[in-house]
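A short write-up of the structure that comes next.
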Amino acid sequence: MASKLQKRVSKARLDTMQRHVLVCVDGDCGGKTVAKALRKAVASQGLRATVSVAKVDCLDVCTKGTIAVVYPEGTWYAGLDEKAVERLVTQHLRDGRVVEDLVFHRNPLEARCFVDRLDQTG
Ligand code: FES
-14 MASKLQKRVS KARLDTMQRH VLVCVDGDCG GKTVAKALRK AVASQGLRAT
36 VSVAKVDCLD VCTKGTIAVV YPEGTWYAGL DEKAVERLVT QHLRDGRVVE
86 DLVFHRNPLE ARCFVDRLDQ TG
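The sequence shown lines up with residues -14 to 107 when you count with this note's numbering.
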């Protein structure tokens, strides 16, 4: 019998996830509507198995919201609204092309960074 944690892993689609979108829903960013639109667009594009959208309280940018970041690319987006969400989901999450005019920062997190750190610590 699968453990409760394994059931949650399956429900959260952690085995099939290819991209993780963190969207700020804190007061300064006001992203609750954007997060809802993101989840709806991800579902309507048939991306639920591979894209997870997580609401977070703050991404420490707190200007030009709504702020969101897409991993593993580490692509940071600002000024998201419902119209921009459609472009983000279709162009980036579905077709793999970053929406350049909405990007304000990039910092891809590569797997080797974590391996290097593990090697150093132990
Ligand atoms: S309130 Fe959105 S990044 Fe801080």
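C-beta: ideal position from N, C-alpha, C; glycine also.
Restricting attention to alpha helix (DSSP H) runs no shorter than 4 residues, the region 1 to 76 encloses them at 17 to 29, 67 to 72, ordered along the chain. For VAL84, the three-state secondary structure derived from DSSP is coil.
In terms of Cβ geometry, VAL6 and VAL36 form a close pair [threshold 9 Å].
Annotation for LEU23 indicates a beta carbon at 8 Å or more from all heavy atoms of the ligand FES.
In the displayed model, ARG(-7) falls within a helix according to three-state DSSP. Just so you know, the alpha carbons of ALA34 and THR1 end up roughly 6 Å apart. CA-CA distance, GLU95 to LYS25, rounds to 29 Å. Going by C-alpha positions, ARG82 is about 10 Å away from VAL74. In this structure, the beta-carbon distance from THR51 to GLY12 does not fall below 9 Å. By the CB criterion at 9 Å, VAL19 and VAL70 fall inside the cutoff.
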